[in-house]
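Using the UniProt record's numbering, you'd call the opening residue of the sequence shown number 1 and step up by one each time. Just so it is clear, CB atoms sit at the ideal spot from N, CA and C, and this is done for glycine as well. Here is the structure we will look at, set down as structure tokens.
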Amino acid sequence: MSRSVPRLESSHPEGHLQGAGAESTQTSDNVLCALFGHARPSAEMISGIASERSGFGLAWVLLEFIKTGRSQLPFESFGLSGFSLGAPKLRCLLSALPWGPAILQTLTLGPHVCKDACLPVLLDFLLRLKTEERLGRQAICLKTLNLSKCDLDDRVDVMFPLFPLSVEHLDLSGNRFQAPTMKILSSVITHDLLSNILSLDLSDNPLGPSGVKTIAKALSSSTKTLPLQSLKLARVKAKAEGMEALAKALKAKKTTSLQTLDLAENEMRPPGLKHLVSAINAEALPHLRLLILKKNALSLVTPGQLERDFTSIIDLLSTCALQEIEEMNLSENELFGPILGVGASAAAVAVPGRFPNLQRLNMKGTMLTSQQLAAFATALGVEGAPSLEELILPWGRSEETPEGVVALANTICSGHLSRLTTFMVKRIDRYHVTGEGFAALCRSLASGKTPLLQTLDLETVSNDAAGCVGGLAQAMRERRLPSLENFRLDIAGDNTDGSVLAEVGEALGGGGCPLIQKLNLQWEETGDMGLRALAVGLGGGNLSSLRDLSLEIECGGEGDGSGFVTLGKVLSTGKLKSLRRVSLSLGSDANVCSFCEGFSQGGGLSPPVQVEIEIAASGMANPAVSALADVIRAGKLSGLRRLYLDIFVGYNQLGQVGGERFGEALASAQANGSRRDAVSTEGVLSLSTLLTRGRFPALRDLNVNIARVGQEGMQAFAAALSSPAASVLRKLELGFSQATDAGNAMQISMLAVALSSGNLSRLEELCVSALERVADARTLFVGLGSGKLSSLHTLHVRRSRLGPEGGSALSEAVVAEKLPSLKRLDVSGGKMTDGGVRALSEAWMNRTPPPLQCVNLSDNSLTGAITSALLALFGSRQLTALHNLNLSSNAEFDNESKGLLSAAFADIVEL
């Protein structure tokens, strides 16, 4: 396990001292080796401590021991995604990495490693690897290089030629690469510098059609067939033009080993799909196993219009060139016509011999009619049809009949879906569906013909509950779902009979599904019989594997609250020892009081259990607030991670005493170690003082409806934001009243002062809405332009009146000098006018703008008159990082102007 340090010997006294020192070193080595061997820190643990100031030294020692062979700890991967300790420490870590072909194989980098002074260090490391590789020396044999979400742009394309030849899996997703970068990457591919590449992920980069064309050309121009098995181009704005180039590249048959092709959310529409299908039919993808076409408007001819073209969908579902396909994700597309015989048929997917290896099919959000579902289900029951393991279906339109889901139930009962492991039925039109079919579907699960089912996700409505719940309960009682691990049941509507719901709780508690790990239940019932039975079942000792519990249950009518009392008691008394996450939506005042009554009887929920609580009530009386405050103050919710309070906490309802008591409870919980990642509340008067005092050191996100705070509350809140303790905030969301009175103006003025205080310098995202007066917008923008928001990267100004004056005031703030980190500007859903956009354009042409990547001007009052200003702005090359300008939903924007912008900047403008 360890390598001994050679012992030094000498006949001289000094030699005895040297020998003693060597022995001491050897002893230290042996002690450390023994400690490391006993603890056996994983590669993930070493990566974590390497990015912390307190753990960096230990991580370096561990790496040195592994590198020199003194410790044989497994170290196949190293992650620096969270590293931000600077270039010298990065150099130390990279120098200490163990070399050898069978040791480190996966390297994950982060944004701080790939910029500023750290970038040259990284490039030197990659160059060293490349050089050693070229000389045939033993070096680190990297097989996976993960550069996802590193905030990379065209300026770092110099690293592409330095990638080692050994790299097989390259992840460049989630960056800011555009078409120019793809030229360098394409050159690397074309010259066989990534000849061993098996997977390439470029998803979530604004490549645009031109960028996709460039990378596609490289794939077809390689001097030899690439071993590429996975190509991911999701959300790269490929559109039809990019798809045409990709299809042409696939037809060159240099990538026939492809098994995974992810093209999700690329707005390819029918023309783009047509190109893809032509490549498929040309047998360019003979070994494809996974095809993702999610959310691509596959039948939509023109945005905002009703015209549909199903031709390409019909061709896709009719092909016989995907014999090895195992999974198709066609979700969130309108695939099928409104009636059978019009457009594509869902039954085409199940034609025997067409997709013989199909195992997973996702058609969520595809608007499947009852007729289509019936045809599809019947086809699945034919001999030779694919034997599905995962099936995600939509079901329901306003003119629904039960025939479709009854046919599906019959197919299940016949045993033709016996290999199902995941089954989800998502309703499209929940409130216009008859219950007969859904009840039949649930009863079919009690047939015992789906013994491998692990995930079951069902959505129904209250008038279906009796048959649906009865069938599910029967299946559980009779142990017909023995493999079930994840169960979600969402019953929409109110007044569900509690006695019916009780069957599920009793069945779960009876041990019929002993492997359940994740349970998500949502319903509204009359009384609380259903909840009480569920709570008793949870505490019965037969759910020993349950790790994740999510409940959104509302009890009304004549219930005595015993259901919530029992639930609280079960959760707080340790009856569910395997729990690691609990999410509760407690609803009304009575529910909160009852839950807290039961919860206070036990020891509570503490780490490692993470707790999320949501209280969404029209009003919250003092007893409920006091009850929750008492529980928190007693330390019984030390596992609390998220608290959402959708309540009115003003003096007229909550009362000063209640507000202070609740705020003190939160502070007490914070002092006891409870961490709040997000606290969202409409009433902040009592919490402002506590924030000022620094009682919430872990608070990151704050969402406040200023309209309900009042003048005194706003003063306290603004003072809190101006205090040093506000530096913990990363996201601030503020909603104002749409009133135009002086009170509103005073609130905005106080907020502007807070933004100028300098104590929000670490704020990363700011969202303000409903600025009704231009004068109010000007006041706020003065605060934004103070230069004290240096970390702000996202600014939302929504539903606000911004004319020429407002746009001019915004332009004064949105410049690099004032907001040097701003990347996303959202001025949507309001009253931004042409004059406002001209003011912004002029400002950005005359002064250095921030490094904006996305600008959202959708849903305003813009016209084609701004076209010339935008063309001039783009032509000035002032916004070099911009990859998306959203001008959609501006009704007065004429087609001629749209054509001019699209022709000039098709990769950027969204209309």
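Assigned exposure category for residue i - 16 Cβ within 10 Å defines buried
| i | result |
| --- | --- |
| Cys596 | buried |
| Leu147 | buried |
| Gln178 | buried |
| Lys274 | buried |
| Asp494 | exposed |
| Gly683 | Its pLDDT being 44, under 50, Gly683 is placed unreliably in this model, and the value from its coordinates should be taken loosely. Its Cβ being crowded by 16 or more others within 10 Å, Gly683 is buried. |
| residue 933 | Since the first and last residues shown for the chain are 1 and 911, residue 933 lies out of range. |
| Glu307 | exposed |
| Phe83 | buried |
Under 7 angstroms between C-beta atoms of residue i and residue j
| i | j | result |
| --- | --- | --- |
| Gly404 | Ala374 | yes |
| Lys503 | Val469 | Sequence check: residue 503 is Glu here, not Lys. Their beta carbons are under 7 angstroms apart, which means Glu503 touches Val469 by this criterion. |
| Ile66 | Pro101 | no |
| Ala291 | Ile313 | For clarity, residue 291 is Leu in the given sequence; the question names Ala instead. It is not a contact, given that the beta carbons lie outside the stated cut-off. |
| Lys237 | Gly272 | no |
| Asn856 | Ser828 | yes |
| Ala770 | Gly806 | no |
| Val61 | Arg91 | no |
| Val782 | Ala752 | yes |
| Gln517 | Glu485 | yes |
| Ser186 | Thr214 | yes |
| Gly437 | Pro394 | no |
| Ser638 | Ser606 | yes |
Straight-line gap, residue i to residue j (C-alpha atoms, nearest Å)
| i | j | result |
| --- | --- | --- |
| Ser203 | Val301 | 25 angstroms |
| Leu93 | Arg547 | 37 angstroms |
| Gly899 | Val909 | 11 angstroms |
| Ala377 | Thr260 | 27 angstroms |
| Asp528 | Leu63 | 58 angstroms |
| Glu614 | Gln359 | 38 angstroms |
| Val474 | Asp630 | Residue identity differs from the one stated: residue 474 is Gln in this sequence, not Val. Approximately 41 angstroms, taken between the alpha carbons. |
| Ala621 | Gly561 | Residue placement at Ala621 cannot be trusted, given a pLDDT of 45 that sits under 50; what the coordinates show is reported in the next sentence. Going from the Cα of Ala621 to the Cα of Gly561 covers about 16 angstroms. |
| Asp192 | Glu324 | 28 angstroms |
| Met182 | Leu198 | 18 angstroms |
| Ala843 | Ile748 | 24 angstroms |
| Leu538 | Lys248 | 57 angstroms |
| Lys636 | Gly511 | 29 angstroms |
| Leu732 | Ala379 | 52 angstroms |
| Leu873 | Arg176 | 20 angstroms |
| Ile140 | Lys232 | 26 angstroms |
| Glu383 | Ser414 | 11 angstroms |
| Ser331 | Arg801 | 37 angstroms |
As assigned by DSSP and simplified to three states, the class of residue i
| i | result |
| --- | --- |
| Ala314 | The amino acid at residue 314 is misidentified as Ala; the sequence shows Ile. In the structure shown, Ile314 sits in a helix (DSSP, three-state: H, G or I). |
| Ile553 | strand |
| Ser230 | strand |
| Gln610 | strand |
| Met268 | coil |
| Phe336 | strand |
| Asp548 | strand |
| Phe893 | coil |
| Met832 | coil |
| Val522 | It should be noted that the sequence gives Gln, not Val, for residue 522. Strand, per DSSP. |
| Asn860 | coil |
| Asn362 | strand |
| Glu307 | coil |
| Asn846 | helix |
| Glu765 | strand |
| Val500 | helix |
| His287 | coil |
| Leu478 | Looking at the sequence shown, residue 478 is not Leu but Glu. In this structure, Glu478 counts as coil in the three-state DSSP scheme. |
| Asp560 | coil |
| Glu403 | helix |
CB contact check: residue i to chain C, cutoff 7 angstroms
| i | result |
| --- | --- |
| Ala347 | The chain inventory of the structure shown lacks chain C, comprising one protein chain alone. |
Notebook entry, point to check: With contact counted as at least three CB pairs below 8 angstroms, one residue from each stretch, are the segment 309–321 and the segment 237–254 in contact?
Noted result: Taking a cut-off of 8 angstroms for Cβ pairs, the segment 309–321 and the segment 237–254 do not touch, as fewer than three such pairs fall below it.
Margin query: Check whether the segment 210–223 and the segment 155–162 are in contact - that is, three or more C-beta pairs closer than 8 angstroms.
Written below: No contact exists between the segment 210–223 and the segment 155–162.
Check: Given 8 angstroms as the limit, is there contact between the segment 549–558 and the segment 573–593, that is, 3 or more CB pairs closer than that?
Finding: Pairwise C-beta distances place the segment 549–558 in contact with the segment 573–593, as three or more of them are shorter than 8 angstroms.
Notebook entry, point to check: Between the segment 148–155 and the segment 121–130, do at least 3 Cβ pairs fall closer than 8 angstroms?
Noted result: Counting C-beta pairs closer than 8 angstroms gives fewer than three between the segment 148–155 and the segment 121–130, which falls short of the contact rule.
Margin query: Check whether the segment 73–80 and the segment 134–141 are in contact - that is, three or more C-beta pairs closer than 8 angstroms.
Written below: Touching, no.
Notebook entry, point to check: Touching or not, the segment 346–359 and the segment 276–284, by the rule of three or more beta carbon pairs under 8 angstroms?
Noted result: The count of Cβ pairs closer than 8 angstroms, one atom from the segment 346–359 and one from the segment 276–284, stays below three, leaving the stretches out of contact.
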